[in-house]
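Residue numbers (the working numbering): 31 to 258. Just so you know, even glycine gets a beta-carbon here, dropped at the ideal spot from N, CA and C. What follows is a single structure, written as structure tokens, with notes after it.
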């Protein structure tokens, strides 16, 4: 079976994810997280990539990014994973011991407006959802912490959200995903991660599938609940 086609055009939003090989823990100590954060900063500068949200977890990471040039998404993520792999093995003396990542990264294109914020919330709730912290913004290795507590260097990593931060967004980060709408939203994002499906309204998603010949079936998703 061939690889799923990807969208990689400028000025769009993309949720990008990669996991460690065999779901092994590759971020154990602060130094491990800091090393990846440094590489991420370098990559943003090298490829002039816009980063809106991210979360580094013990065995995987999430990014919400937007490239300025066609093809730069693949170049950026390829450089990020290769550079991290090389430096990780060099630091740990494990060169030649196998793959660090499970393989090809996963990504999907995201519609702007409410869907953009839905993905930001999904990414920035990862550590809270995994019970690593009691409040989402307390996870040091993510964009929610940086926006509130980061220094100038940290905050330079992040691009301004197109519509600004919605009223009540921080409160929403710490709300349970217990409503039917939130549960459905989680299911849709996870489906998009696994299949590479566009995440957005039905008309927009069908247009993306047709335009880029993605070969996937789009199901009605409904409109995400607005966060106030």
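**Prompt:** Using the C-alpha atoms, what's the distance from residue 94 back to residue 149?
**Reply:** 8 Å
**Prompt:** On the premise that residue 185 lies in contact with residue 176, defined as a C-beta separation below 8 Å, what is that separation, rounded to the nearest angstrom?
**Reply:** 6 Å
**Message:** If distances are taken between C-alpha atoms only, which option among 92, 192, 102, 201 comes closest to residue 157?
**Reply:** 92
**Prompt:** Can you round the beta-carbon distance between residue 226 and residue 85 to whole angstroms, since I take them to be within the 8 Å contact cut?
**Reply:** Going by Cβ atoms, the distance from residue 226 to residue 85 rounds to 20 Å, so no, they are not a contact pair.
**Asked** Does DSSP put residue 177 in a helix, a strand or coil?
**Response** helix
**Message:** Three or more C-beta pairs under 8 Å: does that hold for the region 192–209 against the region 102–117?
**Reply:** no
**Message:** Quick test of your reading: residue 166 and residue 174, contact by CB under 8 Å. State the CB separation rounded to the nearest angstrom.
**Reply:** 5 Å
**Asked** According to DSSP, what are the bridge partners of residue 48?
**Response** 91
**Prompt:** Shortest alpha-carbon distance to residue 224 belongs to which of 125, 96, 139?
**Reply:** 139
**Message:** For residue 190 and residue 81, I'd like the C-alpha separation in whole angstroms.
**Reply:** 9 Å
**Item:** Rounded distance between the beta-carbons of residue 90 and residue 47, thought under 8 Å
**Value:** 6 Å
**Request:** Kindly give me the distance between the Cβ atoms of residue 145 and residue 230, rounded to whole angstroms, as I take these residues to be in contact under 8 Å.
**Result:** 5 Å
**Item:** Top-ranked residue by Cα proximity to residue 62, from 233, 122, 169
**Value:** 122
**Message:** Could you compute how far the alpha carbon of residue 239 sits from the alpha carbon of residue 37?
**Reply:** 9 Å
**Item:** Under 9 Å between C-beta atoms of residue 152 and residue 216
**Value:** yes
**Message:** Going by DSSP in three states, residue 80 sits in which element: helix, strand or coil?
**Reply:** strand
**Asked** How many angstroms separate the CA atom of residue 125 from the CA atom of residue 115?
**Response** 9 Å
**Delimiting residues of the alpha helix (DSSP H) encompassing residue 239** = 232–242
**Asked** Where does residue 131 fall in DSSP's three states?
**Response** strand
**Prompt:** Which residues bound the beta strand (DSSP E) around residue 153?
**Reply:** Per DSSP, residue 153 belongs to no beta strand (DSSP E); it is in the alpha helix (DSSP H), 144–154.
**Asked** Under a Cβ-count criterion, where at least 16 other Cβ atoms within 10 Å of its own Cβ denotes burial, should residue 155 be classed as buried or exposed?
**Response** buried
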